[in-house]
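Protein chains: 2
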Amino acid sequence: MPAATLRAWERRYGALAPSRTEGGYRLYSERDIMLLIWLKGRINEGMTISQALALWQYQERQAREQTPPAEANTEIRADLSDVRQSLAAALLDFDECKADQILAEAFAIFGFETVSERIIVPVMAHIGDRWHRGKASTAAEHFASNYMRRKIEALIAAGARRQDGPVVVLGCAPNDWHELGLLLIYLFLQRRGYNVVYLGQNVPAEQFVDEMRRLSPDLVMISATTEESVPGVIAMAEAIAAMDGTKPAFGFGGSAFNTNPALRATVPGVFMGEDAHAALANVSNLLAERRK
Amino acid sequence: MPAATLRAWERRYGALAPSRTEGGYRLYSERDIMLLIWLKGRINEGMTISQALALWQYQERQAREQTPPAEANTEIRADLSDVRQSLAAALLDFDECKADQILAEAFAIFGFETVSERIIVPVMAHIGDRWHRGKASTAAEHFASNYMRRKIEALIAAGARRQDGPVVVLGCAPNDWHELGLLLIYLFLQRRGYNVVYLGQNVPAEQFVDEMRRLSPDLVMISATTEESVPGVIAMAEAIAAMDGTKPAFGFGGSAFNTNPALRATVPGVFMGEDAHAALANVSNLLAERRK
DNA sequence: AAAAGCCTAAACAAACTATTGACAAACCGC
DNA sequence: GCGGTTTGTCAATAGTTTGTTTAGGCTTTT
């Protein structure tokens, strides 16, 4: 973001008022940076700068009617592991504001793919791990995963939809409720122009094949995060394989197949890989092959 | 719709009179947009623009002579039900593109609160109803509710966060997985400057009180959508009531308490009302009272 | 002290909008 | 079919918004 633009905004709208050094140099606060990142988001969504600023001021005014002001400041984090650590700490502290700051900064610096795979996934793994060892409460784990989900879904909602790309159906196995990894795949696929139909948690096996016949997707991917969900994946794979006419390809994945690789052989379908990136590559290979 | 056409209509018929910015740019109000959509509908039905405008002006004149508010209301409601119907159809068809179009239009005309309460909630109720009656597949219901959830979460993510407002904890009862209504409340509270900690689906009762002691929120709200979840709500309410020191207020709600109002008396806490708007008013009352 | 960077102020350029007038296709009554 | 009207679109010119550049001076760094 060019410095001249910032100064123009300050001069023309007065919305940004950084403090100055003795020499008169601008010192932007964390709050200023947060505003700038937010403004950039609105502009990317098609607003003009004047509209975005008007909306910000409107929201500020509305929020102020309810609450008195306060002050907060943190330092800039430039290193991935720093970011991971402070993000995990903020989430375990239920501090959404701080988490937002950290993530917004990280998105601006590292881009969404890096942030998704190298920050969001590890942080959630870390929090999940602490939870399993009894060192983090269930409430904290819930809060963190809902927070992350919201962030990913916002990215998905902000992206452009395509209806002419290959149709890919995504869902969690029956009785499987962990959708974070699947949402990342959704995000990546969507950004690459696939037409994703997202079915979410706990997709029941009944009626599933009928619906797939009606929808006739190119690929169905089901995720399982626990060993108990694997039989459901197998059932769905077999049901798809038993379809008559043109069947979709069947892919599967999820942490159940990473912790116990032997399970991969039990499912009649294509294992999509251990992480979202691998899955992405496999989707494109699989669909290229099918088209032949 | 080409801009030149709009200007031609304004110049030739004077029917559209958007206000202007200082720079002279046109600012179309929601009313203008509603008129345009109505006109477009007439034109698609084969009317010419002059006929459509004459009809509009005739209806306006007649409405003014009788009871203006009633007439205006039915007009809007008719439009809303159109939107609801086409949105439900698009979702049952897995057509995310079309649903996006419809919703974007609706947001522009009606604003996010009206859309949330008068479109999203009824459409989901309608789809859920069809699903219960076996007229819609589980996959379609999953797709629709994930879609809606994504939209609401995107709105939440786009809003400005505040850390200095009153802290409100939101969660679904243990083993309750329906979070759409709760997300709406989250959205509304956030826009009004509350600091919301969202715990999502299936909040377990264990450790919950410890976590609340650490977080010391002003209000805890738990939602239950089925009768089976109500005992969980009661357990949490009692646990909160048994806390020592400063306890948060405890509120509850959800469709379980709407279909069977007798259940409300079984929970030791404040019933927050039947819909998101009522909940909002109750939150603000409750917190104002507590502050005294 | 020289180089590099930031400051202010003003100007510039690209993209967008407004106004007016014109044009061609569709439509109407005859 | 034919003149006249309606209607969507376009072009030319002027004004607005907004990001970027320029010019001259001050601050910081090396």
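Keeping their order, the protein sequence lines are chains A and B. Take the first sequence: its letters are residues 1 to 292, numbered as in my numbering. Take the second sequence: its letters are residues 1001 to 1292, numbered as in my numbering. Where a beta carbon is used, it is the ideal one built from N, C-alpha and C, also for glycine.
Measuring C-alpha to C-alpha distances from S1284 of chain B to each of B:I1185, B:A1140 and B:S1223 identifies B:I1185 as the nearest.
Nearest Cα to A1139 of chain B within the set A:F94, A:K247 and A:L215: A:L215. Considering only A:L87, A:L199 and A:F252, the residue with the shortest C-alpha distance to Q101 of chain A is A:L87. Q1207 of chain B belongs to the set of residues whose beta carbon lies under 8 angstroms from a beta carbon in chain A.
The beta-carbon distance between M124 of chain A and L180 of chain A, rounded to whole angstroms, is 6 angstroms. This is short enough to meet the 8 angstroms contact definition. Sequence-distant Cβ neighbours of R1011 of chain B in its own chain, meaning closer than 8 angstroms and more than five residues away, do not exist here. If only uninterrupted alpha helix (DSSP H) runs of at least 4 residues are considered, those enclosed by the segment 1188-1259 of chain B are 1208-1215, 1230-1241 and 1255-1259. At least one C-beta of chain A is nearer than 8 angstroms to the C-beta of D1210 of chain B.
As summarised for the segment 82-152 of chain A, the continuous alpha helix (DSSP H) elements at least 4 residues long and confined to that stretch are 96-110 and 121-132, given in chain order. Closer than 8 angstroms to the CB of G1159 of chain B there is at least one CB belonging to chain A. Close partners of Y1198 of chain B in chain A (Cβ separation under 9 angstroms): E96, H142, F143, N146, Y147 and R150. Contact with chain B is absent for L39 of chain A, since none of that chain's Cβ atoms lies less than 8 angstroms from the residue's Cβ. Counting C-beta pairs closer than 8 angstroms gives fewer than three between the segment 260-277 of chain A and the segment 154-173 of chain A, which falls short of the contact rule. DSSP places G41 of chain A in the uninterrupted alpha helix (DSSP H) bounded by E30 to N44.
Rounded to the nearest whole angstrom, the CA to CA distance from G269 of chain A to A239 of chain A is 11 angstroms.
For L215 of chain A, the chain B residues whose Cβ falls inside 7 angstroms of its Cβ are F1094, in order along the chain. For T226 of chain A, no Cβ of chain B is located within less than 8 angstroms of the residue's own Cβ. Sequence-distant Cβ neighbours of Q163 of chain A in its own chain, meaning closer than 6 angstroms and more than five residues away, are N195. From the beta-carbon of I1156 of chain B, the residues of chain A found nearer than 7 angstroms are R150. G171 of chain A has A:I222 as its beta-bridge partners, per DSSP. Contacts with chain B at 8 angstroms (Cβ-Cβ) do not include Q57 of chain A. According to the DSSP assignment, E1289 of chain B belongs to the alpha helix (DSSP H) that extends over A1276 to R1291. Between the beta-carbon of I1156 of chain B and that of R42 of chain A there is about 15 angstroms, and that puts the pair past the 8 angstroms contact cut.
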